[in-house]
Structure formats: C-alpha cells, structure tokens
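What follows is a set of notes on a single structure, which appears directly below.
Protein chains: 2
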Amino acid sequence: MTTVDHLRQVRLGNLRTVLLALVDRPGSRADLAARTGLTKATLSNLTEPLLANGILIEDAATLAGMGRPSKPLRFHPDGPVAVGAEINVSHLAVETLGLDGETIRRHLVPADIRDTTPDEVLDRVAELVREITPERPLLGVGLAVPGVVHDGVLVRAPNLPKLVGASLAGGLARRLDLDVELDNEANLAALAHLWPRHLAGEDFVHVSADVGIGAGVVLGGEVYRGASGFAGELGHVVIERNGVRCTCGSRGCVERYAGLDVILEQAGRRHLDSLAKALKAGDPKALKAVRDAGEALGVGLATLMNLFDVPAVVLGGSYAVLHEHLSVAVQSEMDSRVLAGGERHTRLVASPLGEFAVVRGAAGLITRRAVQQPERLFA
Amino acid sequence: MTTVDHLRQVRLGNLRTVLLALVDRPGSRADLAARTGLTKATLSNLTEPLLANGILIEDAATLAGMGRPSKPLRFHPDGPVAVGAEINVSHLAVETLGLDGETIRRHLVPADIRDTTPDEVLDRVAELVREITPERPLLGVGLAVPGVVHDGVLVRAPNLPKLVGASLAGGLARRLDLDVELDNEANLAALAHLWPRHLAGEDFVHVSADVGIGAGVVLGGEVYRGASGFAGELGHVVIERNGVRCTCGSRGCVERYAGLDVILEQAGRRHLDSLAKALKAGDPKALKAVRDAGEALGVGLATLMNLFDVPAVVLGGSYAVLHEHLSVAVQSEMDSRVLAGGERHTRLVASPLGEFAVVRGAAGLITRRAVQQPERLFA
DNA sequence: GCACTAAGTTCAAGCATTGAACGAATGAGG
DNA sequence: CCTCATTCGTTCAATGCTTGAACTTAGTGC
Numbered sequence: 001m002t003t004v005d006h007l008r009q010v011r012l013g014n015l016r017t018v019l020l021a022l023v024d025r026p027g028s029r030a031d032l033a034a035r036t037g038l039t040k041a042t043l044s045n046l047t048e049p050l051l052a053n054g055i056l057i058e059d060a061a062t063l064a065g066m067g068r069p070s071k072p073l074r075f076h077p078d079g080p081v082a083v084g085a086e087i088n089v090s091h092l093a094v095e096t097l098g099l100d101g102e103t104i105r106r107h108l109v110p111a112d113i114r115d116t117t118p119d120e121v122l123d124r125v126a127e128l129v130r131e132i133t134p135e136r137p138l139l140g141v142g143l144a145v146p147g148v149v150h151d152g153v154l155v156r157a158p159n160l161p162k163l164v165g166a167s168l169a170g171g172l173a174r175r176l177d178l179d180v181e182l183d184n185e186a187n188l189a190a191l192a193h194l195w196p197r198h199l200a201g202e203d204f205v206h207v208s209a210d211v212g213i214g215a216g217v218v219l220g221g222e223v224y225r226g227a228s229g230f231a232g233e234l235g236h237v238v239i240e241r242n243g244v245r246c247t248c249g250s251r252g253c254v255e256r257y258a259g260l261d262v263i264l265e266q267a268g269r270r271h272l273d274s275l276a277k278a279l280k281a282g283d284p285k286a287l288k289a290v291r292d293a294g295e296a297l298g299v300g301l302a303t304l305m306n307l308f309d310v311p312a313v314v315l316g317g318s319y320a321v322l323h324e325h326l327s328v329a330v331q332s333e334m335d336s337r338v339l340a341g342g343e344r345h346t347r348l349v350a351s352p353l354g355e356f357a358v359v360r361g362a363a364g365l366i367t368r369r370a371v372q373q374p375e376r377l378f379a
Numbered sequence: 380m381t382t383v384d385h386l387r388q389v390r391l392g393n394l395r396t397v398l399l400a401l402v403d404r405p406g407s408r409a410d411l412a413a414r415t416g417l418t419k420a421t422l423s424n425l426t427e428p429l430l431a432n433g434i435l436i437e438d439a440a441t442l443a444g445m446g447r448p449s450k451p452l453r454f455h456p457d458g459p460v461a462v463g464a465e466i467n468v469s470h471l472a473v474e475t476l477g478l479d480g481e482t483i484r485r486h487l488v489p490a491d492i493r494d495t496t497p498d499e500v501l502d503r504v505a506e507l508v509r510e511i512t513p514e515r516p517l518l519g520v521g522l523a524v525p526g527v528v529h530d531g532v533l534v535r536a537p538n539l540p541k542l543v544g545a546s547l548a549g550g551l552a553r554r555l556d557l558d559v560e561l562d563n564e565a566n567l568a569a570l571a572h573l574w575p576r577h578l579a580g581e582d583f584v585h586v587s588a589d590v591g592i593g594a595g596v597v598l599g600g601e602v603y604r605g606a607s608g609f610a611g612e613l614g615h616v617v618i619e620r621n622g623v624r625c626t627c628g629s630r631g632c633v634e635r636y637a638g639l640d641v642i643l644e645q646a647g648r649r650h651l652d653s654l655a656k657a658l659k660a661g662d663p664k665a666l667k668a669v670r671d672a673g674e675a676l677g678v679g680l681a682t683l684m685n686l687f688d689v690p691a692v693v694l695g696g697s698y699a700v701l702h703e704h705l706s707v708a709v710q711s712e713m714d715s716r717v718l719a720g721g722e723r724h725t726r727l728v729a730s731p732l733g734e735f736a737v738v739r740g741a742a743g744l745i746t747r748r749a750v751q752q753p754e755r756l757f758a
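Heads up: the protein sequence lines correspond to chains P and B, in order.
FYI, this note's numbering numbers position 42 of the first sequence as 42, with every residue one higher than the one before it.
FYI, this note's numbering numbers position 151 of the second sequence as 530, with every residue one higher than the one before it.
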C-alpha cells in the first residue's frame with residue numbers, strides 16, 4: 001500500500017458514499033455534497049467520470065426558486081443492470097434490477113427441479129436470464145439456491161440433492177459469459193430487506209419456510225454467513241432434546257414442528273393457497289396447525305434472540321402469508337422467553353416482498369457489490 | 380472529513396498496525412517495516428513520537444551478524460498500563476496489564492458480595508485497584524460484572540440484584556479519577572482469549588459457568604454484544620420447551636440443566652473443589668451429574684453452532700475445571716446435532732487461563748482500546 | 001435592467017507515504 | 001589495521017486527493 005494507493009482508497013470510499021446517496025435518491029451535486037459531507041468541488045470531480053461512463057445522467061435543470069437551478073444527477077436509464085436468478089424445488093425465478101434499486105422485469109415459472117440434472121437446470125435458468133435481459137451492460141448474475149453455500153459451492157441441499165457439489169456458478173457463468181455469484185436463498189431473502197432499501201433496519205433476522213426453515217441473519221448492515229456458511233440454520237435449533245427425529249440426525253429440531261410440510265400435513269392440506277383459504281374460513285384444524293407451528297417457531301426464535309439479540313424479526317416466504325395467524329403464538333413464546341424482551345423491543349413484522357424476495361436479493365447482491373466496489377463500474 | 384483528516388486517519392491506521400506488530404513481539408524498525416509492509420522511512424517517522432512520549436524504548440544494539448546492528452523497539456517498561464477489575468458473587472479480583480501483554484500483578488480475594496451495597500463494593504474495588512497500581516501512567520480501568528451491560532449500565536444481574544442500575548463505572552471513575560469501562564464477564568473472558576494473544580483464532584465462543592451460564596461470542600476478531608448487550612445468553616437457550624421452569628420466566632433453559640449450582644446439587648457437593656476431587660476419585664454420582672450437564676450443554680452448544688457457525692468453542696470458568704469429564708458428552712451431542720459438524724471442524728478446547736480470565740479480559744479491554752485508537756496514547 | 005441567490009468550476013495549499021540516495025555501524029577477509 | 005560487503009536507519013523530493021476560497025454561470029424578484 002503506497003500513499004498513492006491510500007489516496008485512491010479514499011477516493012473509492014468517497015465514490016461509494018456518493019453512489020449510496022444516489023441509491024437512496026437522486027440529487028444535484030450541491031445536494032449530494034450536503035448529504036455526504038463532501039464539498040461541491042469533490043462532487044464535481046467524483047461525478048465527472050460517472051457521467052462520462054454512462055453510469056449517471058444529468059437531468060435538465062430544475063427550477064427550484066432563487067439562485068442558479070440545480071441539475072439533478074441520477075442513474076442512467078441505459079446504465080448497467082444486475083440479474084438475479086433463483087433455483088428452487090418447485091420454481092425458477094429471474095429478475096433484473098437497476099442500480100437505482102428499481103425492478104426492471106421479473107418472472108417466476110413453476111418447475112419441478114427435484115429430479116433434474118444440474119446441466120438441465122442451468123440450461124433452463126440461462127434461457128430465462130436471456131429472456132429478461134435488457135439491452136444494457138450487465139454487472140453479473142446472483143444465483144440463489146435452497147441450501148448451504150460455502151466458497152461458491154453448494155455443500156448441503158436436502159431438497160435438491162442432485163445439485164450438491166455441482167459447479168453451479170461456473171456452469172451458469174460459462175453459459176452466459178457473465179460473473180455469477182452463488183448464495184443461499186435465506187441469506188438473499190434477508191439481503192433483499194436491506195438492499196437497495198432498508199426495510200427492517202441494519203440488524204434483523206429474516207425467517208422463512210419453504211421446504212426447510214432458514215434464517216438470514218443481518219448484523220450491522222451485513223449478512224452474517226458464519227465460518228462455513230452454516231450460520232442461521234434456525235431449522236435445526238433444538239426445542240425438545242428428546243423430540244422427533246430429524247433428517248439431520250438430531251432430535252427435536254424446529255423444522256420438525258414448524259416446517260411448511262408439517263403445517264400442511266397437520267392441517268390436512270396440500271398447498272399453501274389451500275391452507276390460506278382454510279384459515280380465512282376459520283377451519284379449526286388449519287388454525288390449530290398454524291398455532292402449533294407458531295409456538296414451536298416462537299421457541300426457536302426466542303433462542304435465536306437470546307443468542308443474537310437483534311431488534312427485529314422479519315417473517316418471510318410462507319410465513320409472511322401465514323403471518324396473521326402465526327404471529328400471536330410466536331410473539332407470545334418470545335415474550336415469555338426472550339431475556340431482552342422485557343421492554344418489548346423486539347419487532348416482529350411480515351415481509352412486504354412476497355415471492356420475489358429471494359430473486360430480488362440475488363440481483364441486489366450484484367448491484368450492491370458494484371456500489372460498494374465502484375472500481376468495478378469502470379471495467 | 381477533510382483530506383488532511385483522511386491522511387491523519389491513514390497515519391493512525393498505520394500507527395495501529397505498528398503497535399499491533401509490537402504487541403506480537405518487539406522488533407527493530409527494519410523488522411517492523413518488513414512485518415507491516417510499510418517502509419523503513421515510515422517506521423522511523425511513526426515510532427519517533429512513540430519513543431519521545433515514553434511509550435516505546437529503544438534497546439541497545441543487537442549483534443546479529445553482518446551489517447549495521449539493529450536496535451529493537453519494545454514497549455517501555457515504565458510505560459502506561461491498564462487495570463482490570465472484577466466484581467463477582469463470591470470474589471473480587473484485580474490485575475495490571477502492560478501494553479506488551481504481560482501481566483504485572485494480580486490479586487483475587489474471596490468476598491461475599493450478594494448483600495453489599497454498590498458503594499461498599501466500589502470502595503473495596505477502588506482499594507484493591509490502588510493496592511496493585513504501579514507507579515506508571517494509567518490508561519484506565521476495565522470493570523467486569525456478572526450480568527448484562529448496556530450503554531455502560533448493568534441492566535440485568537440475577538445474582539447481584541443490588542448492583543443493577545447503579546452507576547458502577549461512574550462511581551469507580553470518581554473514586555479513582557480514571558476512565559472506567561464496564562462490561563459483562565462473559566464478554567471479557569472471551570476477550571482474554573483474543574487479546575493480547577490469540578488463543579483460539581478470530582472466531583470462537585467462550586462458554587463459562589459460574590452462577591449463570593454465559594457465552595462470549597467472538598466474530599471476526601471482535602466481541603459480539605448484540606443490539607442491547609443480551610447476545611450470547613446461552614444459559615437461556617431452550618433445550619426442552621416444556622422443561623423445568625427457569626427464573627427468567629421461560630422453561631427448559633440450558634442453565635437449569637448445566638448450571639454449576641445444578642451440577643453441584645446433583646453431585647451432592649457444596650463446592651467446585653470438592654466436586655473435582657470426587658470426579659478424580661471416580662465417584663459415580665459426581666460423574667453422572669457432570670455427564671448429564673454435559674449433555675444439556677452439548678444440546679445448547681449445538682444450537683448455538685447451528686446459528687453462529689464458529690469453528691471453535693472454548694470451555695472456561697468452572698467448565699474448564701470439569702473439562703475432562705464434561706467434554707465427551709458435549710462433543711457427542713454436538714457431533715450428532717451440528718449441521719456443519721460432519722467434517723468435525725468444531726474444535727472444543729479448555730481455556731488455559733484459569734480463574735484470572737475475566738480480569739485479564741477487563742484489563743485487555745483497556746490496552747486494546749489504547750492500541751486500536753493510538754491517539755489516546757498521546758493525551 | 002439590476003441586485004440577489006444558489007449551483008457548479010477552478011486552483012493553490014496541505015499532508016503521509018514512498019523510493020532512492022545517503023550516512024552509520026558492524027563483520028569478514030586480507 | 002584497513003577495505004569491502006552488508007544491513008540499519010534517516011533525509012528529501014515527488015505524488016495525488018480533498019479542501020476552501022474565489023470565480024463563473026444561470027436563474028428569480030422587483
């Protein structure tokens with residue numbers, strides 16, 4: 001690190017600050033200077049190459065009252081975009097996301113992946129990506145999978161065993177000739193609540209159930225992944241040490257009481273929609289199934305809160321759908337079991353993102369990287 | 380942040396790097412340059428004020444073979460020191476620690492604090508601190524308490540209820556006319572394994588039992604405290620959701636099965652020493668009590684590992700003493716319940732620090748702050 | 001038209017590190 | 001004892017990014 005390097009680091013850091021401010025909302029140089037704490041001079045200097053490279057665009061002057069009108073800067077409508085893709089047990093999804101945080105297009109197709117080979121899956125994903133890709137520079141692809149990812153490899157995926165160990169990121173990268181980054185769906189769903197917009201602060205846990213139960217843990221504005229990608233495995237938190245056997249080899253895992261498959265079975269339903277309708281109609285069996293699951297989930301979340309002590313829990317995926325009937329039991333268990341809960345400062349909220357949370361997070365992974373490492377934008 | 384400020388930050392960062400290298404071991408300017416990646420010129424420049432202010436001292440030249448002999452730099456033997464102090468249920472302890480990481484003096488006195496007023500406790504602590512303070516500049520005092528600390532206040536301490544809410548840091552600071560920093564004993568015991576020497580890597584959990592069970596969680600070389608200081612409350616992780624009632628209001632908390640009081644009661648012993656002897660003698664009741672506790676602790680730790688995914692667990696406090704008889708059960712539960720455990724990459728080790736771990740961490744809190752914020756050394 | 005206001009640009013100044021050149025201190029070899 | 005090789009430590013001009021003040025630009029209000 002020479003001093004020159006240090007100075008370059010300062011510049012890149014400031015560039016990041018400016019881009020972050022712009023993700024928040026457009027603004028003139030003077031406005032951005034005020035918001036970032038930098039000077040107008042620095043802003044002219046920093047934004048010049050961004051404008052020259054088609055990252056930003058200068059709007060027509062706005063007539064804002066007295067003084068010389070300001071020309072707002074915002075992300076160029078033909079500027080670079082990121083693609084998110086999701087491989088899941090029963091569907092595939094893709095989404096394109098601009099640096100400004102706006103979704104450009106998105107698409108979700110039902111698909112039974114369970115018995116498909118990695119190559120077939122990747123072919124289909126590549127095709128979907130090509131279909132929604134606009135005529136704009138591409139930053140890369142974020143790829144979400146329902147399983148544990150470590151060092152870019154899918155190391156554990158109880159519901160998609162055929163994909164474990166396959167070169168998913170590499171395979172898709174080759175097909176599309178793009179950078180591909182692989183990550184766990186739980187982490188990416190959590191990221192979607194953090195970037196490009198803060199929906200639940202900088203410290204929270206996002207919990208969702210599809211086939212398994214996964215928690216995406218966000219600490220200090222960063223997704224916490226653990227030493228080997230196994231962090232946040234809420235599904236295998238033990239709530240009854242001599243309880244029901246779990247496929248993982250343990251006993252009494254939360255997943256065995258609050259997993260979606262368990263809820264559906266207890267409620268005597270085949271699909272989430274059907275369950276939702278039954279709940280709306282007040283079906284006692286459905287209500288009890290959800291309440292029981294809520295209690296188990298609440299115990300698991302209480303344990304999680306006693307270890308992580310984060311101020312908010314976001315219920316996503318199927319849990320967001322069931323939120324209304326689930327929350328009471330969850331909250332009640334947490335209230336009586338979370339130490340820090342006395343002041344009731346644990347917010348329990350439903351995710352507003354719906355079924356696109358994961359792909360959005362996958363795309364966000366890429367736009368976020370571009371903003372945090374602005375040098376990538378000039379490549 | 381002006382550029383001048385930025386450059387000052389660079390300087391402070393380099394100063395920190397150099398000090399960190401010196402905590403590791405002494406070295407000449409040339410050696411330090413090689414180890415830090417900075418140039419000899421920069422090292423001359425950075426160390427000059429440290430020498431002038433009596434932080435460092437230049438040893439006599441060492442005859443190391445060919446070439447001009449180097450003059451090693453190390454922390455000045457009369458340089459600033461930190462004091463650690465511990466208030467616990469049955470003892471008080473103090474320790475003085477130099478910037479080089481060497482203990483100067485330490486002292487532990489039995490004391491029943493349970494019914495003592497905050498003022499009386501602080502008077503005694505202040506007296507102990509004065510007794511061991513050497514004739515050297517003082518950086519401050521780290522104060523350890525068995526309870527949850529948030530924003531410098533003891534918010535929860537089931538075993539020392541009289542101290543809750545009292546102005547402990549302020550009270551001691553006034554008595555000694557020094558900076559006092561308050562923290563939880565579990566966090567500080569963990570810190571002692573991280574600073575001034577790495578004893579268990581940069582990611583680990585330190586678990587200890589005195590009256591309650593506390594885990595100090597270290598992530599990326601930093602103690603993780605959570606949003607309100609309640610992180611790492613392993614004692615209140617639930618292992619049987621309909622289990623034994625806990626004083627915290629929950630049921631089936633680890634503490635109710637693996638707390639030291641429970642172990643002693645089950646073993647029919649009054650004190651840890653007596654239990655240790657019984658174990659050595661092969662007393663079946665004692666062995667069973669410890670094994671049972673180990674199983675419960677193992678279940679709780681498995682849950683913790685599935686959430687934090689750290690590569691090492693350190694058993695400290697009473698658990699370190701019982702380690703030999705406790706580990707088998709703990710390890711066995713973890714092996715069958717930790718997802719990432721397949722490759723057995725979770726190390727379970729006993730703390731080498733003994734009963735001084737907490738005070739050492741308390742003192743380390745202060746020396747660490749001094750090194751990480753070198754500007755404090757010139758005040 | 002003229003004063004006023006605010007946006008954006010230009011430019012010399014300031015500073016920590018660098019790398020090369022230099023001075024200092026010793027061992028090896030004759 | 002003297003010279004050469006070797007390594008340590010210091011000196012100094014050069015580098016490059018932000019700054020703040022001065023300046024230019026482009027509007028409004030009267």
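Backbone N, C-alpha and C define an ideal beta-carbon position, used for all residues, glycine too.
Contacts of residue i in chain B (Cβ-Cβ under 7 Å)
i	result
E240 of chain P	E619, R620
Of the residues the options, the one placed nearest residue i, counting alpha carbons only
i	options	result
V508 of chain B	B:P489, B:D491, B:R484	B:R484
C632 of chain B	B:L686, B:R576, B:G591, B:V602	B:G591
V669 of chain B	B:R648, B:V460, B:V534, B:G477	B:R648
T488 of chain B	B:T418, B:L501, B:L471, B:T482	It should be pointed out that residue 488 of chain B corresponds to Val in this sequence rather than to Thr. Selected option, being the one with the closest Cα: B:L471.
P161 of chain P	P:H76, P:A215, P:L172, P:V148	P:V148
F583 of chain B	P:G226, P:A200, P:L219, P:P196	P:G226
A505 of chain B	B:P516, B:L518, B:G550, B:L718	B:G550
R369 of chain P	P:H271, P:L322, P:W195, P:T346	P:W195
F378 of chain P	P:L12, P:V89, P:L7, P:H6	P:L12
D261 of chain P	P:N242, P:A209, P:K285, P:G243	P:A209
A594 of chain B	B:M684, B:R576, B:D494	B:M684
Inter-residue Cα distance where the pair is residue i and residue j
i	j	result
L56 of chain P	L557 of chain B	52 Å
P72 of chain P	Y224 of chain P	36 Å
F230 of chain P	G300 of chain P	16 Å
H206 of chain P	T496 of chain B	43 Å
D183 of chain P	L143 of chain P	6 Å
A350 of chain P	A276 of chain P	15 Å
L430 of chain B	E437 of chain B	8 Å
H193 of chain P	P525 of chain B	36 Å
P134 of chain P	T96 of chain P	8 Å
L322 of chain P	H271 of chain P	12 Å
G317 of chain P	G364 of chain P	18 Å
L138 of chain P	L38 of chain P	30 Å
H385 of chain B	V10 of chain P	7 Å
Residue interval of the alpha helix (DSSP H) (run including residue i)
i	result
I745 of chain B	736-751
V689 of chain B	Element bounds for V689 of chain B: n/a, residue is neither H nor E.
R503 of chain B	497-511
H323 of chain P	317-337
S44 of chain P	40-52
I642 of chain B	639-646
Residue range of the unbroken beta strand (DSSP E) whose run includes residue i
i	result
I492 of chain B	Looking at the DSSP string, I492 of chain B is not in any beta strand (DSSP E), and its letter there is neither H nor E.
S587 of chain B	583-588
G170 of chain P	G170 of chain P -> not in any beta strand (DSSP E); alpha helix (DSSP H) instead, spanning 168-176.
Assumed close pair residue i, residue j - CB separation to whole angstroms, cut-off 8 Å
i	j	result
E240 of chain P	E612 of chain B	Not a contact, Cβ separation roughly 20 Å.
V371 of chain P	R16 of chain P	6 Å
I466 of chain B	V520 of chain B	Between V520 of chain B and I466 of chain B the Cβ distance is about 12 Å, and since that is not below 8 Å, they are no contact.
Listed by chain order, chain P residues near residue i by CB distance under 7 Å
i	result
T682 of chain B	V237, V238, T303
H385 of chain B	V10
A610 of chain B	L307, F308, D309
Within chain B, partners of residue i - CB distance below 9 Å
i	result
G354 of chain P	What G354 of chain P touches in chain B: nothing, since even the nearest Cβ is about 26 Å away.
Chain B contact residues for residue i, given Cβ-Cβ distances below 8 Å
i	result
P311 of chain P	A606, S607
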